[in-house]
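Sequential numbering of the sequence shown, starting at 1421, is according to my numbering.
Please read the structure below before turning to the comments.
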Amino acid sequence: MELTLNAYHKIAGSLLALTLIPACATTPLSVENTSTAPDIGTATVHPEIWPQADWPYAENAAVESRIESLLARMTLEEKVGQVIQADIASVTPEEAKRYHLGSILNGGNSAPGGDEFAPPEKWLALADAFYDASVDTSGGRTAIPIIWGTDAVHGHSNIVGATLFPHNVGLGAMRDPELLERIAQATALELRSTGMEWTFAPTITVPQDGRWGRAYEGYSQDPALVSSYVGRFIRGLQGAPSDKPILDGPHVLASTKHFLADGGTFEGRDQGDARISETELRDVHGTPYVPAINAGVQTIMASFSSWNGKKITGHKGLLTDVLKQRMRFGGFIVSDWNAHGQIQGCTNASCPQAINAGLDMYMAPDTWKPLYHSLVKQAKDGTVPMARLDDAVANILRVKIRAGLFEAGRPSSRPYSGRYDLLGSADHRALAREAVRKSLVLIKNQGQILPLSPKSHILVAGDGADDIGRASGGWTLTWQGTGISNDKFPGATSIWQGIRDAVTAAGGTALHAPDGNYDQKPDAAIVIFGETPYAEFQGDLKTLQLKPELKGHLATMRKLKAQGIPVVAVFLTGRPLWTNPEINASDAFVTAWLPGSEGAGVADMLFRDKDGKLAHEFEGKLSFSWPMTANALGPRLFDLGYGLTTDAVSDVPILPEISDVAEDETSAGLFFDKGLPTASWSLIVSDGESDRTRITTTPVEAVEGRVLVRAVDHLTQEGARQFITDGSGPARIELVTHAPIDISRETNGDVLLLVTMRYDEKASAPIIFSMQCGPGCGGTITPDGLDALAVGEWQTIGLSLKCFANAGADVSKLDAPFQMSTSGTVKFSLSRVAVGTVADRILGCE
1421 MELTLNAYHK
1431 IAGSLLALTL
1441 IPACATTPLS
1451 VENTSTAPDI
1461 GTATVHPEIW
1471 PQADWPYAEN
1481 AAVESRIESL
1491 LARMTLEEKV
1501 GQVIQADIAS
1511 VTPEEAKRYH
1521 LGSILNGGNS
1531 APGGDEFAPP
1541 EKWLALADAF
1551 YDASVDTSGG
1561 RTAIPIIWGT
1571 DAVHGHSNIV
1581 GATLFPHNVG
1591 LGAMRDPELL
1601 ERIAQATALE
1611 LRSTGMEWTF
1621 APTITVPQDG
1631 RWGRAYEGYS
1641 QDPALVSSYV
1651 GRFIRGLQGA
1661 PSDKPILDGP
1671 HVLASTKHFL
1681 ADGGTFEGRD
1691 QGDARISETE
1701 LRDVHGTPYV
1711 PAINAGVQTI
1721 MASFSSWNGK
1731 KITGHKGLLT
1741 DVLKQRMRFG
1751 GFIVSDWNAH
1761 GQIQGCTNAS
1771 CPQAINAGLD
1781 MYMAPDTWKP
1791 LYHSLVKQAK
1801 DGTVPMARLD
1811 DAVANILRVK
1821 IRAGLFEAGR
1831 PSSRPYSGRY
1841 DLLGSADHRA
1851 LAREAVRKSL
1861 VLIKNQGQIL
1871 PLSPKSHILV
1881 AGDGADDIGR
1891 ASGGWTLTWQ
1901 GTGISNDKFP
1911 GATSIWQGIR
1921 DAVTAAGGTA
1931 LHAPDGNYDQ
1941 KPDAAIVIFG
1951 ETPYAEFQGD
1961 LKTLQLKPEL
1971 KGHLATMRKL
1981 KAQGIPVVAV
1991 FLTGRPLWTN
2001 PEINASDAFV
2011 TAWLPGSEGA
2021 GVADMLFRDK
2031 DGKLAHEFEG
2041 KLSFSWPMTA
2051 NALGPRLFDL
2061 GYGLTTDAVS
2071 DVPILPEISD
2081 VAEDETSAGL
2091 FFDKGLPTAS
2101 WSLIVSDGES
2111 DRTRITTTPV
2121 EAVEGRVLVR
2131 AVDHLTQEGA
2141 RQFITDGSGP
2151 ARIELVTHAP
2161 IDISRETNGD
2171 VLLLVTMRYD
2181 EKASAPIIFS
2191 MQCGPGCGGT
2201 ITPDGLDALA
2211 VGEWQTIGLS
2221 LKCFANAGAD
2231 VSKLDAPFQM
2241 STSGTVKFSL
2251 SRVAVGTVAD
2261 RILGCE
């Protein structure tokens, strides 16, 4: 691509150096999503302006007669059960039978027996158990097979040994719908091997703000590019629409998500509000649903998010008037994880508004039982009209019949079940490797340094080189995909392994040194760095840059560059981020996105073949524009469609290194870090009543000398605070604010209160943890397992936010999310308090 130099850009009052802008550069993402965004208007839709899709299934009289017969035999309780989906961590097969549940799912952290690394045999056995329960006709029950949904969003990514394809942000850069269909076919086969029939994929969001923590689940910011992929991926999963049962072939049911405008929320906030016009809602976010419906997608997942203040899951205009009637969708609509509880006037336990708006199946993972009872009551008293309940059940039955579920038999008896050789098969890994190659985008190639000679001595540095979990991102074995060692990826290849194999096979040598140190000067250095895994709102950012703790690689790059060593940067990321300093510090810059389990695909693009010839040309093109600064609303550096080939002669000049934002703002979920309260928070030591001391200096005595607070080292000098109580009265250590916070979203999502601490001397009396939500409002727990913590060892303990909510805390208005109290003696040190998902030990609360 030929590049041009723009005039000087003046940003934040500073004159920047020359900046690089592609000739066709346009506007930044999220033009309307400014902090002063106007009120677009109401959430009223006008169905007549929406496009009409071409649903490919004609009405089948025999199918409709079968549905009528089933409805006539079903009890009210059986009908209610069909519209509820429970998570396997919160339901047993016996309960599924007793409550006639229509569906189960495995959430991101759910697995057979609670073992996230359970072998495939355990998954298939559990599928059999739930199926057997659902078709048990004892006591006159109506036999309706249960359906299992899973987040196979970049391969069958919950299963150890499965092929992990690049996340959608990388697949969008390929511009290859045919390859995408083959990826879907492979995913369906691997899914079938463990007996499941339904994946919550593809995600066909159109992300407009890179700060969104799910941006990597979208193919592109361009609705046309997304639309070009949708039909092919659905066809790969489900096969072409026909009269034959879907499960007769190597197929599974698809689910497009999240309807609608999940990628268009204000400031990129997950589960937030899309403050946009109906025209933009239709033309940007609604466009990919036309090819999805044309392809016969059997399920659509309604979004957590809102449109102009109204939650989509309770929006009759969008779910019924637009999606079902105007766009002619003929499958069923399922909600997201407890999304119904966010509708105005609803709770997780009761929400007739959702089904009355057009929702067919509630995803009520851990609240299914109270929801079941409330729906039975509401159907009996007419709050939920029987006609609407029957319609929802009919929609679900229709999909189960199209799938051939009634005739398919036990999961273990179906074609492809138990074929564990399909998991991570050589063919599927080769396919993933091809996708990696085609997804990489060459941003810079000064002096055409790439591809390198594999006969060279290569240094591989950076903290991302030998970490398959990091290369795979979120939704990998666990919800967040964090803290997973390479041994949990049998058959996979890290990027370092791929580089080492390519170099040694050609007679070269390779050294892996994350810090960039070496004894023999290398011919070139490859520095691999980037984001660590995250999923959903845990990935939301305030600015478009790496978190401070992930920037250590830059000093390594600058050091190597100063030593005269050519530097190739490989960036692992779920979205374009401000990386001007890294681009400046490198001779070549490659965006690898989140490539998955086949790191050799990255190595393929960095080296010539052993004969010195070009092995693979870069084909990837940006499907999201690249920011000039860390300001999400700032100018663009590289436009949509940018990407070099190795023969390009254009060089990137030195870029300005002004981020255009304040230093990385404190995360809303971080209360205490490096021994100090973060902005707007105060560290208080009290007796739990009126004697309160705000801790601003150390050492200090508080509560009439009963508590000594002093600074101790952890990671950094004085990076923690030590608390010593004498046991002569009650003592409480707490973090408080005058601006209460709302963590109801995190509480719904199985997030933890994380406390990084060290026992210096064990407590002589119980230690309790509390959250406070104003006078007389709070929840207190005495966690199990605290006494088992080793003395003298730093650990991050995790306490489920749900424990505090169940104990009475209103998590939507917390002014003290952390209170730690005892009446005995104790000596402990505290360095960090936050909400998150990764803990050394999770303590129980029952």
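Using N, Cα and C, we set each Cβ at its ideal position, and we do this for glycine too.
In this text the structure is predicted, and so the values were computed from the model without any measurement.
Local conformation of Gln1691 per DSSP, three classes: Against the sequence shown, residue 1691 aligns to sequence position 271. Here Gln1691 sits in coil by DSSP.
Tell me whether Asn1526 sits in a helix, a strand or coil according to DSSP, three-state version. The count along the sequence shown starts at 1 and reaches residue 1526 at position 106. For Asn1526, the secondary structure class from DSSP, reduced to helix, strand or coil, is strand.
If you draw a straight line from the alpha carbon of Ala1492 to that of Asn2168, how long is it in whole angstroms? Sequence index remark: in the sequence shown, residue 1492 carries index 72 (1-based). Sequence index remark: in the sequence shown, residue 2168 carries index 748 (1-based). CA-to-CA, the gap between Ala1492 and Asn2168 works out to about 37 Å.
Just to confirm my understanding: we take Thr1924, look at its own chain, exclude 5 residues before and 5 after, and list those with CB closer than 7 Å. What are they? To locate residue 1924, count along the sequence shown from 1; it is residue 504. By the criterion of a C-beta distance shorter than 7 Å, Thr1924 is surrounded in its chain by Ala1930, once the five residues flanking it on both sides are discounted.
Compare the Cα-Cα distances from Phe1620 to each of Ala1635, Leu2060, Lys1677 and report the closest residue. Working through the sequence shown from its first residue, we reach residue 1620 at position 200. It is Lys1677.
For Asp1548 and Ala1846, what's the separation of their Cα atoms in angstroms? For this step, residue 1548 is matched to residue 128 along the sequence shown. For this step, residue 1846 is matched to residue 426 along the sequence shown. Answer to the nearest angstrom: the Cα atoms are 28 Å apart.
Boundaries of the beta strand (DSSP E) in which Asp2093 is found, first to last residue: Numbered from 1 along the sequence shown, position 673 holds the residue referred to as residue 2093. Element bounds for Asp2093: 2090 to 2093.
Just tell me which of Val1804, Ala1885, Ser1859 has its CA closest to the CA of Ala1933. Position 513 of the sequence shown, counted from the first residue, corresponds to residue 1933. When each option's Cα is compared against that of Ala1933, the closest is Ala1885.
For Ser1558 and His1793, what's the separation of their Cα atoms in angstroms? Walking along the sequence shown from the start, residue 1558 turns up at place 138. Walking along the sequence shown from the start, residue 1793 turns up at place 373. Ser1558 and His1793: Cα-Cα distance of roughly 22 Å.
Endpoints, the alpha helix (DSSP H) within which Asp2024 is located: Taking the sequence shown and counting its residues from 1, one reaches residue 2024 at position 604. In the DSSP assignment, Asp2024 falls within the unbroken alpha helix (DSSP H) covering 2020 to 2026.
Roughly how many angstroms separate the alpha carbons of Trp2046 and Val1861, rounded to a whole number? Taking the sequence shown and counting its residues from 1, one reaches residue 2046 at position 626. Taking the sequence shown and counting its residues from 1, one reaches residue 1861 at position 441. Looking at the two C-alpha atoms, the distance is approximately 12 Å.
Is the beta carbon of Asp2107 less than 8 Å from the beta carbon of Ala2151? Within the sequence shown, numbered from 1, the residue matching residue 2107 stands at position 687. Within the sequence shown, numbered from 1, the residue matching residue 2151 stands at position 731. Yes, they are a contact pair.
Report the partner residues of Gln1866 according to the DSSP bridge assignment. The count along the sequence shown starts at 1 and reaches residue 1866 at position 446. DSSP output for Gln1866 lists no bridge partner at all.
Do the region 1648 to 1666 and the region 1740 to 1755 make contact, defined as three or more Cβ pairs closer than 8 Å? Contact fails: fewer than three Cβ-Cβ distances are below 8 Å.
Any chance the CB of Asp1548 is under 7 Å from a heavy atom of the ligand COA? Summarising the ligand content, the structure contains no ligands, and the ligand COA is consequently not present.
Are Val2127 and Thr2145 close, meaning C-beta to C-beta below 8 Å? Within the sequence shown, numbered from 1, the residue matching residue 2127 stands at position 707. Within the sequence shown, numbered from 1, the residue matching residue 2145 stands at position 725. Yes, Cβ-Cβ distance for Val2127 and Thr2145 is below 8 Å.
List in chain order: all unbroken alpha helix (DSSP H) runs of 4+ residues lying wholly within the region 2105 to 2137. With a minimum length of 4 residues, no continuous alpha helix (DSSP H) run stays inside the region 2105 to 2137.
Report the residue ranges of all alpha helix (DSSP H) runs contained in full by the region 2161 to 2241; include only those spanning at least 4 residues, in chain order. Runs of the alpha helix (DSSP H) lying entirely within the region 2161 to 2241, each at least 4 residues long, are 2164 to 2168, 2221 to 2226 in chain order.
Would you decide whether His2158 is buried or exposed? Buried here means 16 or more other CB atoms lie within 10 Å of its CB. Walking along the sequence shown from the start, residue 2158 turns up at place 738. Result: exposed.
Under 7 Å Cβ to Cβ from Arg1689, same chain only, skipping five residues before and after it: list those, please. Residue 1689 sits at position 269 when you count from the first residue of the sequence shown. Closer than 7 Å at the Cβ level, and outside the excluded window around Arg1689, lie Asp1960.
Please go through the same chain and pick out, in chain order, the residues whose beta-carbon is closer than 7 Å to the beta-carbon of Ser1455, but skip the five residues on each side of it. Taking the first residue of the sequence shown as 1, we reach residue 1455 at position 35. Its pLDDT being 36, under 50, Ser1455 is placed unreliably by the model, and the measurement read from it follows with that caveat. Counting only residues of its own chain and dropping the five nearest sequence neighbours on each side, Ser1455 has no CB closer than 7 Å to any other CB.
Helix, strand or coil for Arg2252? Go by DSSP, reduced to three states. For the purposes of this step, residue 2252 is taken as residue 832 along the sequence shown, with counting starting at 1. Here Arg2252 sits in strand by DSSP.
Helix, strand or coil at Gly1501 [DSSP, three-state]: The residue labelled residue 1501 in the question sits at position 81 within the sequence shown. Correct three-state label for Gly1501: helix.
For Gly1994 and Gly1893, believed in contact at Cβ under 8 Å, the rounded distance: Counting from one through the sequence shown, the residue named residue 1893 turns up at place 473. Counting from one through the sequence shown, the residue named residue 1994 turns up at place 574. Sure, about 6 Å apart at Cβ, within 8 Å.
Are Ile1878 and Gly1928 close, meaning C-beta to C-beta below 8 Å? Taking the sequence shown and counting its residues from 1, the one referred to as residue 1878 is at position 458. Taking the sequence shown and counting its residues from 1, the one referred to as residue 1928 is at position 508. Contact: yes.
Would Ile1666 and Ala1681 qualify as a contact pair, given that the criterion is a beta-carbon distance under 8 Å? Taking the first residue of the sequence shown as 1, we reach residue 1666 at position 246. Taking the first residue of the sequence shown as 1, we reach residue 1681 at position 261. In this structure, Ala1681 does not lie closer than 8 Å to Ile1666 by Cβ.
Answer with buried or exposed for Glu2166, where buried requires no fewer than 16 other C-beta atoms within 10 angstroms of its C-beta. Position 746 of the sequence shown holds residue 2166. That one is buried.
So what does DSSP say about Phe1620, is it helix, strand or coil? Translated into the one-based positions of the sequence shown, residue 1620 becomes position 200. Under the three-state reduction of DSSP output, Phe1620 falls in the coil class, being neither helix nor strand.
Give the C-beta separation of Lys1800 and Leu1521 to the nearest angstrom, bearing in mind that I take them to be a contact with Cβ-Cβ under 8 Å. Position 380 of the sequence shown, counted from the first residue, corresponds to residue 1800. Position 101 of the sequence shown, counted from the first residue, corresponds to residue 1521. Between Leu1521 and Lys1800 the Cβ distance is about 19 Å, and since that is not below 8 Å, they are no contact.
Cα-Cα separation, Pro2015 to Pro1513: As a first step, residue 2015 must be located in the sequence shown, where it is residue number 595. As a first step, residue 1513 must be located in the sequence shown, where it is residue number 93. Each residue's alpha carbon lies about 37 Å from the other.
Compute the Euclidean distance between the alpha carbons of Thr1963 and Asp1703, then round it to the nearest angstrom. If you number the sequence shown from 1, residue 1963 lands on position 543. If you number the sequence shown from 1, residue 1703 lands on position 283. Distance between the alpha carbons of Thr1963 and Asp1703 is about 27 Å.
Taking the Cβ atom as the reference point for each residue, do Leu2135 and Ala2254 lie within a distance shorter than 8 Å? Here the question's residue 2135 lines up with position 715 in the sequence shown. Here the question's residue 2254 lines up with position 834 in the sequence shown. In this structure, Ala2254 does not lie closer than 8 Å to Leu2135 by Cβ.
Go ahead and pull the three-state DSSP assignment for Ala1593. Indexing the sequence shown from 1 puts residue 1593 at position 173. Of the three classes helix, strand and coil, the one that applies to Ala1593 here is helix, per DSSP.
3 or more residues per run - each beta strand (DSSP E) lying fully within the region 1503 to 1567: Runs found: 1504 to 1507, 1523 to 1526.
Per DSSP, what kind of secondary structure is Gly1903 in: helix, strand or coil? In the sequence shown, the residue the question calls residue 1903 occupies position 483. Looking at Gly1903 - three-state DSSP - the assignment turns out to be coil, as it is neither helix nor strand.
Between the Cα of Gly1463 and those of Thr1733, Pro1471, Ala1516, spot the shortest distance and give me the residue it belongs to. Counted from its first residue, the sequence shown places residue 1463 at position 43. Per the sequence presented here, residue 1463 reads as Ala, with Gly not at that position. Checking every option, the nearest Cα to that of Ala1463 belongs to Thr1733.
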